[in-house]
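Numbering-wise (the UniProt record's numbering), the sequence shown opens with residue 1 and increments by one. Here a beta-carbon is modelled for each residue, glycine too, at the ideal position from N, C-alpha and C. Since the structure comes first, as structure tokens, the remarks are kept for the end.
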Amino acid sequence: MYPYEERMRAVKAYIASGYQANQTIRELGYPSHEALRSWYREYRENGDLHRDFIRAPLHTEEQKAAAVAHYYANGCNYTQTSKALGYVDRERLRQWVLESGPPEGQPCISRQSAVKCTPEQKREAVVEFYARGGGAEKIANRYGVSHSNLYFWREKLFAGECTDEMKKPEEPLSEAALEALRAENAALVEAVKSLRRENMELEKTRHRLQLEVDVLKKADEILKKEEGVNPNNLSNQEKATVIDALRNAYRLKELLDCLHLSKSSYFYQERVLNRPDKYQNLRQEIREAFASVNGCYGYRRIHAVLKGLGRSVSEKVIRRVMKEERLVVRNIRRRHYNSYLGEISPAAPNLINRNFHAEKPNEKWLTDITEFRLPAGKVYLSPIIDCFDGMAVTWAIGTSPNARLVNSMLDAAISGLQEGERPILHSDRGGHYRWPGWIQRMRAAGLRRSMSAKGCSPDNAACEGFFGRLKNEMFYGVSWEGVSLQQFISTLDSYLHWYNRERIKQSLGWRSPMDFRRSLGLTG
């Protein structure tokens, strides 16, 4: 006996094939034609197939033996035994008696009458019984039958369910009546055929729509595609993956047709999917490298990291593996802090003029203030960036964007200058860089001021880019719930040290700013 799943699969395949039994049996390898049609009839009538079960016996062996013994002990009367016991009907009792046979030395005497009465005699006996022509036993003996037969004839006659031999012969129908019946029968047969054809078409449509729904669900479940994904936009490999997941429920041909994938392309993708992954070790190395930098490196920097470890592999391979592993760098834009307070003092000219290239360290400096919004409050960062290699020369971190923040940063930067170094310090037109304290410090150190045009962030693009990289790599996409301001300041300070010492840049030959200066002999 076939289990429920195999029977249901065969019925669905039979429907999908347009009710072609031979095609379904060739494809599945089972069942017989009779079994398939029997399963389909059951499915069409009930909307489902019966589940596998084992029926428990209705009667125990002790009950069977007791019933047979009672039958032989009480004159071999089926009716009397059935009424006396109450748990078995006459037909089942007769079957038990035939299976067991009579006990030894006790032949069974049949009480069945050998007299055959005509329908007229049966009616006469019933009429006589109702006319009180004698008791039931007396009338039954007169006709040579048992009184139970007399009661049976009475029930059948007056219930309108007379047996064929008790019915009167009907008068033959006229030719016109027969023709009308034939026409009505033909119309009914045609209507039944039409309904069956309509039912078949509806079943095919339902099957096709269910297939499309299952494909969409599997694409979302396995491939993690967004809602509303179009199966036609999937790659052949993704289509093959969806087909594999649905092979047990649908035929291969209808899955290929639904996803518009040729059979040869499917089996090619099967060979590719079953092929051993030659990048298995590389995947682990890429995941570890990505995790070590807190997920802030794209494929180019990951390529440089692996190359530094002696791993030679193409950038395209790394990009593909990172895409397959869903290693994506966070990139979220937020509204930045604005420090403009109006024209409180004359603005300095733009000496940088968007030329952020420097021939040596401490030639061109950039500065600005950026804001970090946390559940615990706000934190502000004021760094000085060297245009030579992008190093953060110095920085100040605080909870208020005041003069103390920028002045302390400037004092620290000036203290690190060598004799004769007089860099240009470029900023926007924020109020911090136009206060008297800032201007006095600049003049005392011999630094030259440079300012962007009003509201023109590209004039300080290199510094804005530094803030963007910083926030994408360590701030955005991270939950700061429960982190105090002091803890965040410590984390930010650690990142800036890491940025100078370890974070590699393509423009520096995949070296960090500190390593780059060390390679040029500019630092000890």
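Which residue from the options puts its Cα closest to that of residue i?
i: Arg518; options: Gly295, Pro361, Thr79, Ala177; result: Pro361
i: Glu6; options: Leu49, Arg469, His59; result: Leu49
i: Ala249; options: Gly47, Val213, Gly390; result: Val213
i: Arg448; options: Val321, His426, Trp498; result: His426
i: Ile286; options: Val215, Ser312, Phe488, Leu273; result: Ser312
i: Ser441; options: Leu93, Arg404, Val215, Ile489; result: The question names Ser, but residue 441 in the sequence shown is Arg. When only C-alpha atoms are compared, the closest one is Arg404.
i: Glu43; options: Met8, Glu62, Asn74, Met409; result: One point to set straight first is that residue 43 is Tyr, not Glu, in the sequence displayed. The option with the nearest alpha carbon to Tyr43 is Met8.
i: Phe467; options: Ile439, Asn407, Arg197, Pro383; result: Pro383
i: residue 604; options: Arg196, Glu481, Pro31, Ala84; result: A question about residue 604 goes unanswered here, because the residues of the chain that appear run from 1 up to 524.
i: Leu470; options: Gly416, Ser265, Leu496, Leu282; result: Leu496
i: Asn407; options: Leu306, Pro513, Gly437; result: Gly437
i: Gln280; options: Glu325, Gln506, Ala191; result: Glu325
i: Gln63; options: Trp39, Arg41, His33, Val97; result: Val97
i: Val88; options: Ala65, Ala73, Asp257; result: Ala65
i: Arg354; options: Pro458, Leu256, Pro346; result: Pro458
i: Glu464; options: Pro276, Glu419, Glu371; result: Glu371
i: Leu223; options: Thr241, Asn232, Asn236; result: Thr241
i: Leu234; options: Val215, Gly18, Glu363; result: Val215
i: Leu157; options: Leu178, Glu120, Glu175; result: Glu120
i: Arg61; options: Ser314, Glu99, Lys83, Gly308; result: Looking at the sequence provided, one finds Glu at residue 61 rather than Arg. Considering only alpha carbons, the answer is Glu99.
i: Lys364; options: Trp395, Leu508, Glu421, Met409; result: Glu421
Contact defined as beta carbons within less than 8 Å: I believe residue i pairs with residue j. What is the distance between those atoms, to the nearest angstrom?
i: Ala67; j: Thr81; result: 6 Å
i: Glu27; j: Ala13; result: 7 Å
i: Ala183; j: Trp153; result: The Cβ separation is near 39 Å, so there is no contact.
i: Asn149; j: Ala140; result: 7 Å
i: Phe388; j: Ala462; result: Incorrect: roughly 11 Å between the Cβ atoms, too far for contact.
i: Trp510; j: Leu374; result: Rounded, the Cβ-Cβ distance is 33 Å, inconsistent with contact.
i: Leu282; j: Val321; result: 6 Å
i: Asn230; j: Gln269; result: Not really, about 19 Å apart at Cβ, beyond 8 Å.
Can you have a look at residue i and say buried or exposed, based on whether 16 or more other CB atoms are within 10 angstroms of its CB?
i: Ile302; result: buried
i: Gln95; result: exposed
i: Leu202; result: exposed
i: Arg443; result: exposed
i: Tyr460; result: It is Asn, not Tyr, that sits at residue 460 in the sequence shown. Classification of Asn460: buried, given that the 10 Å Cβ count is 16 or more.
i: Phe267; result: exposed
i: Arg206; result: exposed
i: Glu473; result: buried
i: Leu188; result: exposed
i: Leu522; result: exposed
i: Ile243; result: buried
i: Ala219; result: buried
i: Lys193; result: exposed
i: Ala348; result: buried
i: Val272; result: exposed
i: Ile369; result: buried
i: Leu255; result: buried
i: Ser32; result: exposed
i: His59; result: exposed
i: Lys122; result: buried
i: Gln146; result: Note on residue identity: the sequence assigns Ser, not Gln, to residue 146. Buried, by the Cβ-count rule.
i: Lys278; result: exposed
i: Tyr30; result: exposed
i: Pro401; result: buried
i: Gly446; result: exposed
i: Asp515; result: buried
i: Leu246; result: buried
i: Gly308; result: exposed
i: Leu520; result: exposed
i: Arg275; result: exposed
Is it the case that the Cβ atoms of residue i and residue j are separated by a distance below 8 Å?
i: Thr24; j: Ala10; result: yes
i: Leu366; j: Ile385; result: yes
i: Arg319; j: Gly477; result: no
i: Tyr4; j: Arg37; result: no
i: Ile504; j: Ala304; result: yes
i: Val393; j: Ile489; result: no
i: Leu259; j: Lys239; result: yes
i: Arg429; j: Ser452; result: yes
i: Ile352; j: Ile414; result: no
i: Leu381; j: Leu492; result: yes
i: Ser450; j: Asn294; result: no
i: Ser484; j: Asn500; result: no
i: Gly431; j: Thr399; result: no
i: Tyr71; j: Leu93; result: yes
Checklist entry - At which residue ranges does the segment 238–264 contain complete alpha helix (DSSP H) runs of 4 or more residues, listed in the order of the chain? => result 252–259
Checklist entry - Of all the beta strand (DSSP E) runs that stay within the bounds of the segment 456–515, which reach a length of 3 or more residues? => result none
Item to check | Length-filtered (4 minimum) alpha helix (DSSP H) runs lying within the segment 175–244 | outcome: 175–222
Checklist entry - What are the start and end residues of each continuous beta strand (DSSP E) run of 3 or more residues lying completely inside the segment 383–417, in chain order? => result 392–398
Item to check | Segments of 4+ residues assigned as alpha helix (DSSP H) that fall wholly inside the segment 427–455 | outcome: 436–445
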